[in-house]
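Novice: Got a structure for you, questions after.
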Amino acid sequence: MIFLNINNLNVSIEGKKILNDFNISINEGEVHAIMGPNGCGKSTLANVLAGNEEYEVNSGKVIFKNQDLLDLNIEERAQKGLFLAFQYPVEIPGVNITPFLHASINSKLKNEKKPELDNLSFAKLLRKNAEELGISTDMLKRSINTGFSGGEKKRYEILQMSILNPELTIFDETDSGLDVDALRIVTEGINRFKNPKKSFLIITHYQKLLDYIRPDYVHVMRNGKIVKSGDISLATEIEASGYQNF
Ligand SMILES: Nc1ncnc2c1ncn2[C@@H]1O[C@H](COP(=O)(O)OP(=O)(O)OP(=O)(O)O)[C@@H](O)[C@H]1O
Ligand SMILES: [Mg+2]
Numbered sequence: 002m003i004f005l006n007i008n009n010l011n012v013s014i015e016g017k018k019i020l021n022d023f024n025i026s027i028n029e030g031e032v033h034a035i036m037g038p039n040g041c042g043k044s045t046l047a048n049v050l051a052g053n054e055e056y057e058v059n060s061g062k063v064i065f066k067n068q069d070l071l072d073l074n075i076e077e078r079a080q081k082g083l084f085l086a087f088q089y090p091v092e093i094p095g096v097n098i099t100p101f102l103h104a105s106i107n108s109k110l111k112n113e114k115k116p117e118l119d120n121l122s123f124a125k126l127l128r129k130n131a132e133e134l135g136i137s138t139d140m141l142k143r144s145i146n147t148g149f150s151g152g153e154k155k156r157y158e159i160l161q162m163s164i165l166n167p168e169l170t171i172f173d174e175t176d177s178g179l180d181v182d183a184l185r186i187v188t189e190g191i192n193r194f195k196n197p198k199k200s201f202l203i204i205t206h207y208q209k210l211l212d213y214i215r216p217d218y219v220h221v222m223r224n225g226k227i228v229k230s231g232d233i234s235l236a237t238e239i240e241a242s243g244y245q246n247f
């Protein structure tokens, strides 16, 4: 099954064209990585898929599990199994992690016409996942991302992913700021969660991240479109000689 199909997507912001006939197709169970120089439009892509309305979609189609993603609001996208993880996750003071995650998973289950989780079953699920990620019970009582260190935000993000159990997860690991521990949290989290029914799109500058995750496809993006697709050896080539050859 094709999870995500983006066809000739053109996106601009404040009249400036950023995505330029962008195409990608991601099947069930595949891990794709996108690498590209600063400013080529990677985060723009992630933002459009997330439903950020600052960006103007001029033309093109985004089909997610047989439905036009651009017709869905942010909540509907999550309910359908899309999860986006950003490098700088928002702090939501006053919104406590535990009830938030409980409400989120129940909203997804309800949408799938599956039974919702009562407090006890949710607490068990949360505890099991938190333990695997080294998240303390104290942290689960806090507000989302508020005052979290970079590494704690990463852990929380992976926790949220494992609880919500999305079909397609998109990571935008922009700029910098992933220290070795955060890198390990992300890679172990993804590798533990990976299975033939899950797909990932990982946007990164780190060849090292890809060494651990071993994506099925690596795409090089320039000026708003994919200019070359291949396997992990592309990441090695970029690490050695930059983007000038593309
Ligand atoms: N809200 C915005 N307002 C104005 N310009 C924007 C906005 N968001 C993105 N842009 C511009 O769009 C272009 C692409 O930005 P984008 O963040 O998608 O690049 P990127 O590939 O993610 O880069 P990086 O590797 O540095 O994260 C840049 O020139 C950027 O300045
Ligand atoms: Mg970016």
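Take any residue in the sequence shown, note its place counting from 1, add 1, and you have its number in this note's numbering. Here a beta-carbon is modelled for each residue, glycine too, at the ideal position from N, C-alpha and C.
Per DSSP, which one or two residues make a beta bridge with Tyr-218?
Specialist: BP columns for Tyr-218 point to His-33.
Novice: Thinking C-beta only, is Leu-83 closer than 9 Å to Phe-50?
Specialist: It should be noted that the sequence gives Leu, not Phe, for residue 50. For Leu-50 and Leu-83, yes; Cβs fall inside 9 Å.
Novice: For Glu-55 and chain B, any beta-carbon pair shorter than 9 Å?
Specialist: Structure shown: chain B not included; a single protein chain is present.
Novice: Ligand 1 and Ile-191: does the residue's C-beta get closer than 8 Å to at least one heavy atom of that ligand?
Specialist: No; taking the cut-off as 8 Å, the Cβ of Ile-191 has no heavy atom of ligand 1 nearer than that.
Novice: Label Gln-245 either buried or exposed according to how many other C-beta atoms from any shown protein chain fall within 10 Å of its C-beta, with 16 as the threshold for buried.
Specialist: Looking at its Cβ environment, which holds fewer than 16 other Cβ atoms inside 10 Å, Gln-245 is exposed.
Novice: Grouping DSSP H, G and I as helix and E and B as strand, with all else coil, what is Gln-68?
Specialist: Strand at Gln-68.
Novice: Can you tell me whether Tyr-67 is buried or exposed? The criterion is at least 16 other CB atoms within 10 Å of its CB, across all chains shown.
Specialist: A small correction: the amino acid at residue 67 is Asn; Tyr does not occupy that position in the sequence shown. It counts as exposed.
Novice: I believe His-220 touches His-103 by the beta-carbon criterion, under 8 Å. Please report the beta-carbon distance rounded to the nearest angstrom.
Specialist: Not really, about 36 Å apart at Cβ, beyond 8 Å.
Novice: Is any heavy atom in ligand 3 found nearer than 8 Å to the beta carbon of Lys-43?
Specialist: By its list of ligands, the structure shown excludes ligand 3, since it contains just ligand 1 and ligand 2.
Novice: For Thr-147, which residues in the same chain have their Cβ closer than 6 Å to its Cβ, ignoring the five residues on either side in sequence?
Specialist: Excluding positions up to five away in sequence, the list reads Glu-92 and Pro-94.
Novice: For the region 180–227, which segments carrying the alpha helix (DSSP H) assignment without a break, of at least 4 residues, lie completely within its bounds, in sequence order?
Specialist: Whole alpha helix (DSSP H) segments, 4+ residues: 181–194 and 208–214.
Novice: In the DSSP assignment, the alpha helix (DSSP H) including Gly-95 goes from what residue to what residue?
Specialist: Gly-95 -> not in any alpha helix (DSSP H); beta strand (DSSP E) instead, spanning 93–97.
Novice: CA-CA distance, Ser-26 and Asp-217?
Specialist: Distance between the alpha carbons of Ser-26 and Asp-217: 13 Å.
Novice: Could you work out which residue in Arg-223, Ala-124, Glu-57 and Ala-241 is closest to Thr-24 when comparing CA atoms only?
Specialist: The residue asked about is misnamed: residue 24 is Asn in this sequence, not Thr. Cα-wise, what sits closest to Asn-24 is Arg-223.
Novice: My guess is that Val-12 and Glu-57 are in contact by the Cβ rule of under 8 Å, so how many angstroms apart are they, rounded?
Specialist: The Cβ separation is near 7 Å, so the contact holds.
Novice: Ligand 2 heavy atoms versus the CB of Ile-227: any closer than 8 Å?
Specialist: No, the Cβ of Ile-227 stays beyond 8 Å of every heavy atom of ligand 2.
Novice: Beta carbon of Glu-29, beta carbon of Phe-201: below 9 Å?
Specialist: No; because the gap between Cβ atoms is not below 9 Å, this pair is not in contact.
Novice: Rounding to the nearest angstrom, what Cα-Cα distance links Ser-153 and Pro-100 in this structure?
Specialist: What sits at residue 153 in the sequence shown is Glu, not Ser. Their Cα atoms are separated by approximately 19 Å.
Novice: With distances taken Cα to Cα, identify the nearest neighbour of Pro-167 among Gly-37, Lys-109, Lys-129 and Ile-35.
Specialist: Among Gly-37, Lys-109, Lys-129 and Ile-35, the Cα nearest to that of Pro-167 belongs to Lys-109.
Novice: With three or more C-beta pairs closer than 8 Å as the rule, is the region 176–190 touching the region 136–143?
Specialist: The answer is no - the region 176–190 does not touch the region 136–143, with fewer than three Cβ pairs under 8 Å.
Novice: Is the beta carbon of Leu-20 sitting closer than 9 Å to the one on Gly-225?
Specialist: The answer is yes: Cβ separation under 9 Å.
Novice: Taking 9 Å as the threshold (C-beta atoms), are Asn-8 and Val-63 in contact?
Specialist: Contact: yes.
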